[in-house]
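So the structure is just underneath, and the comments pick up after that.
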Amino acid sequence: MAIRDQLPALWRPAGKKGKTVLTAETPSLKSFRAKVRTFAEREIAPRIRELDAEERFEPAILEGMAAEGFLGASIPQALGGMGLDYHHLGALCEELERVDTFARVIISVHLSLNSLALYQWGTTDQQERWLRPQAQGTKTAGFALTEPDAGTDAASLRTRAQKVDGGYRLTGTKAWIGLADVADHFLVFATLDPDRCHRGITAFLVRRGAEGLRTESIRGKHGVRAGNVGRIHLDGLFVPEEDRLGEEGEGFQIAMSALDNGRFGVAAGSVGVIVASLEACTARCLDRRTFGVEIGRHQLVQQMLAKMVAARDVGRLLVSQVAEMKNGGIRHTREASLAKWINCDAAYQSANDAVQIFGAHGFSNEYPVERYLRNCRAAVIYEGTREIHQVIQAEYQLGYREDRPVRRPLPPYPFPEDVPAATD
């Protein structure tokens, strides 16, 4: 078998009009990708310009994603999910973000950051009470790590957890939380002892409606305006001991392993921005004429297109590498960091070049490229800034950083829960 046939998610050009076809994807992956694209084109694309302009989150789109099973895509069938591998999760994120970033953010927050953390770290009881309804799409989940003064430096969070009879009381504020005003469940991180730095952080499962919980939306965002992002205020909220995720002091490990999953989704979604920019620019280059020829004939325009093509294909290979490692149950913190950094930067450059190719038209919402540029700027910041990912890569190379085993590794694919028991 040729090497290219062993690599999933490769694309090759086909035809004069810049069309592309998938090669080396399994029939299951091709079918799933087509299903997601059909959904996104039908349910999101016709409304996204309006929703973005009005900064309005549309619950019906979330409900549609739940009905399709997307909210439990890479959760075992035995726990209520679709039981799909991580190549499928990557395709889901790419195809959703190709239409708009807010849809991919739903998957990253609900599934990658929260549900996969519950799958990795939760007890059997917690998985039944919290994960199963999330995988089935009857409950939506959020991830509350970031605070007004604690982003990349997550170990400096100030939200306090005080141990009391039967559980804990949480006090503090979380900021820039996806689905803050929408989610039914939250995975909240707080410290039992600030003097212990990251070793004092513990993870808790919290339900909307709990006394002492209040949320509010953040408006006036530069991009991802159709998404719901906000603050969570905790005022002595009580969490019973059975709703602590993992052990006391294990929260930082849980958060970092969740971010491996989140960064994978962000990296895959960034490829969707590149694809959308490339598709829009290809059509524009074949339609728009200057100096008597299609603008695609101008070499500096071709240079911008060529960079998008390279970014798309390199980005897919980086995502595929992480997906293969996740499927094999192999630690992938370095690789997920690399994919997130490279793909987010490439998406921003691709969207920026797309606006340039569209010229003055690209500066208004008459065409979607200005929205692509606004949306993908956030990904260069969240889930680790590009600067911190550059530091991470250098520290691995220099031997300053190494991955230590965690108590509960993410299970490989096929998921153990979905593998039939051996019979004599």
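Start counting the sequence shown at 70; every next residue gets the next number (the working numbering).
Ideal Cβ positions, reconstructed from N, Cα and C, are used throughout, including at glycine.
All of these numbers come straight from a predicted model, not from anything done at the bench.
- State the Cα-Cα distance for the pair L180 and L158, rounded to the nearest angstrom. 10 Å
- Item | Which listed residue (A223, Q196, P489, A259) has its alpha carbon closest to that of Y239 | Inspection of the sequence shows that residue 239 is occupied by Leu rather than by Tyr. When each option's Cα is compared against that of L239, the closest is A259.
- Query: Going by Cα to Cα distance, which pick from D264, R313, T284, H291 is closest to H302?
  - Reply: T284
- Query: Is R470 near I457, with beta carbons less than 8 Å apart?
  - Reply: No, the Cβ-Cβ distance between R470 and I457 is not below 8 Å.
- Item | 7 Å Cβ shell around E439 - same chain, five flanking residues per side excluded | V424, G431, F432, S433
- Might you give, ordered along the chain, the residues of its own chain that have their beta carbon closer than 6 Å to the beta carbon of S406, omitting 5 neighbours on each side? H458, I461
- Look at the Cβ atom of L185, then the Cβ atom of G191, and state whether they are nearer than 8 Å. no
- Query: beta strand (DSSP E) containing E285: first to last residue?
  - Reply: 282 to 286
- Query: Roughly how many angstroms lie between the CA atoms of L442 and A295, to the nearest whole one?
  - Reply: 14 Å
- Item | Backbone CA spacing between A93 and V344 [nearest angstrom] | 18 Å
- Buried or exposed for V90, please, with buried defined as at least 16 other CB atoms from any protein chain shown within 10 angstroms of its CB. Residue confidence is low: V90 scores 46 on pLDDT, short of 50, so the model does not pin down where it sits. No coordinate-derived value is stated.
- Can you give the Cα-Cα distance for R357 and E363, rounded to whole angstroms? Taking C-alpha positions only, R357 is separated from E363 by approximately 6 Å.
- Query: What residue does the beta strand (DSSP E) around F360 start on, and which one ends it?
  - Reply: Careful: F360 lies outside any beta strand (DSSP E) and carries neither H nor E.
- Task: With DSSP as the reference, label I301 as helix, strand or coil.
- Result: In the three-state scheme derived from DSSP, where H, G and I count as helix and E and B as strand, I301 is classed as strand.
- Message: Tell me the rounded alpha-carbon separation between M570 and T170.
- Response: Any property of residue 570 remains undetermined from this structure, which presents the chain solely from 70 to 493.
- Task: Taking the CB atoms as reference points, tell me whether A380 and S419 lie closer together than 8 Å.
- Result: yes
- Any idea if D234 is buried or exposed, counting beta-carbon neighbours within 10 angstroms, 16 or more meaning buried? exposed
- For I457, which of helix, strand or coil comes out of DSSP? helix
- Item | Assigned exposure category for A349 - 16 Cβ within 10 Å defines buried | buried
- If we count the other Cβ atoms within 10 Å of its Cβ and call it buried at 16 or more, is F360 buried or exposed? exposed
- Query: Leaving out the 5 sequence neighbours to the left and right, which residues in its chain are closer than 8 Å to R446 when beta-carbon positions are compared?
  - Reply: H291, G292, Y417, listed in sequence order.
- For D154, count neighbouring C-beta atoms within 10 Å of its own C-beta (all shown protein chains included) and say buried if the count is 16 or more, exposed if not. buried
- Find out if the Cβ-Cβ distance for the pair L274, L314 is shorter than 8 Å. yes
- C266 and V335 look like a contact to me (Cβ under 8 Å); what is the Cβ gap, rounded to whole Å? The Cβ separation is near 26 Å, so there is no contact.
- Query: Would R167 pass as a contact of A244 if the rule is Cβ separation under 8 Å?
  - Reply: no
- Message: Taking the alpha carbon of T454 as the reference point, which residue from E197, T95, D222, T107 has its own alpha carbon closest?
- Response: D222
- Message: My output table needs one value for H254: the three-state DSSP class, helix, strand or coil.
- Response: strand
- Task: Go ahead and label D264 buried or exposed: buried means 16 or more other beta carbons lie within 10 angstroms of its beta carbon, across all protein chains shown.
- Result: exposed
- Item | Through-space distance from R106 to E112, alpha-carbon basis | 10 Å
- What's the C-alpha gap between I246 and H367? 44 Å
- Item | Which of helix, strand or coil DSSP assigns to G211 | strand
- Query: Using the beta-carbon count (16 or more within 10 Å), is T193 buried or exposed?
  - Reply: exposed
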